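> Just passing along the structure, written as structure tokens.
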Amino acid sequence: MFTDGRSKRVIFLAHCLLNQNAISDGTAEVPAAHREILRAILDAQVGVVQLPCPELCGLGLDRGDPRGAERPVVVENTRIRRAMEQPEAAARLQELTDQVVWQIREYRKHGFAVLGIVGVDRSPCCGVDTTSDQDRELPGRGVFMAALQTALEEAELTVPVIGVKPSSPDALAKVRALLGE
Ligand code: SF4
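Residues are numbered in our numbering as their position in the sequence shown, beginning at 1, plus a constant of 5.
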């Protein structure tokens with residue numbers, strides 16, 4: 006089974022690395038996608054699984070405040086974090102993490118290599134090494150990555166998770182390391 010043309014190697018990327026149109030107002034760095042990261046992954050013949058954007062799914066494209074972009078990013082990020090902790094958004098978050106864990110389990114069950122998960126540092130949802138809270142950037146995980154980590158542990162799945170700031174000089178090297186290059 007699955008002895009066709011596929012590489013049987015996949016990587017999970019934070020939604021906005023592939024689609025900047027989903028990111029919170031005022032924070033898009035490129036028109037569409039972080040092409041260098043994507044190119045490196047595709048050159049390695051690794052399939053890309055786009056994670057859901059938890060903020061878009063939980064709060065909407067404007068994150069529930071059309072004037073959010075008027076605040077400093079970390080202040081707005083802290084507001085978003087609080088909003089994501091409210092019951093309705095938190096329940097949505099749980100649904101999303103369950104779906105991701107289900108997909109990872111399927112790939113693993115069929116012998117695919119799940120090379121890792123790439124989050125976005127400073128994000129209140131997808132940060133891995135740093136996140137936003139208390140109106141500043143702090144070490145720690147965003148609420149989505151924290152929930153995903155818990156769900157993976159409960160499912161007894163071990164997957165490398167890294168965070169990048171996509172436009173920073175070390176982002177590509179971190180992704181390449183995950184690809185085994
Ligand atoms: S970092 Fe996460 S929550 Fe923020 S825009 Fe990207 S995918 Fe959505």
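Cβ atoms here follow ideal geometry from the backbone N, Cα and C, with glycine treated the same way.
Just so you know, these numbers come straight off a predicted model, no measurement behind them.
1. Straight-line CA distance for residue 163 to residue 17?
2. DSSP on residue 76, reduced to helix/strand/coil?
3. Quick check: the stretch 79 to 98 against the stretch 48 to 61, are there 3 or more CB pairs under 8 Å?
4. Once DSSP output is grouped into helix, strand and coil, what is the label at residue 59?
5. Using the three-state DSSP reduction, which class does residue 92 fall into: helix, strand or coil?
6. Answer yes or no: the CB of residue 62 versus the heavy atoms of the ligand SF4, is any distance below 6 Å?
7. Could you tell me how far apart the beta carbons of residue 169 and residue 125 are, in whole angstroms, since I believe they sit closer than 8 Å?
8. Would you mind stating whether residue 127 and residue 142 have Cβ atoms separated by less than 7 Å?
9. Give the range of the alpha helix (DSSP H) segment to which residue 155 is assigned.
10. Within 10 angstroms of the Cβ of residue 6, are there 16 or more other Cβ atoms? Answer buried if so, exposed if not.
Reading from the atomic positions:
1. Each residue's alpha carbon lies about 14 Å from the other.
2. In this structure, residue 76 counts as coil in the three-state DSSP scheme.
3. The stretch 79 to 98, when compared against the stretch 48 to 61, does touch it at the 8 Å Cβ threshold.
4. Residue 59: helix per DSSP, three-state reduction.
5. Under the three-state reduction of DSSP output, residue 92 falls in the helix class.
6. Within 6 Å of the C-beta of residue 62 there is not a single heavy atom belonging to the ligand SF4.
7. Confirmed, Cβ separation roughly 7 Å.
8. Yes.
9. Per DSSP, residue 155 belongs to the alpha helix (DSSP H) from 148 to 159.
10. Exposed: under 16 other Cβ atoms inside 10 Å.
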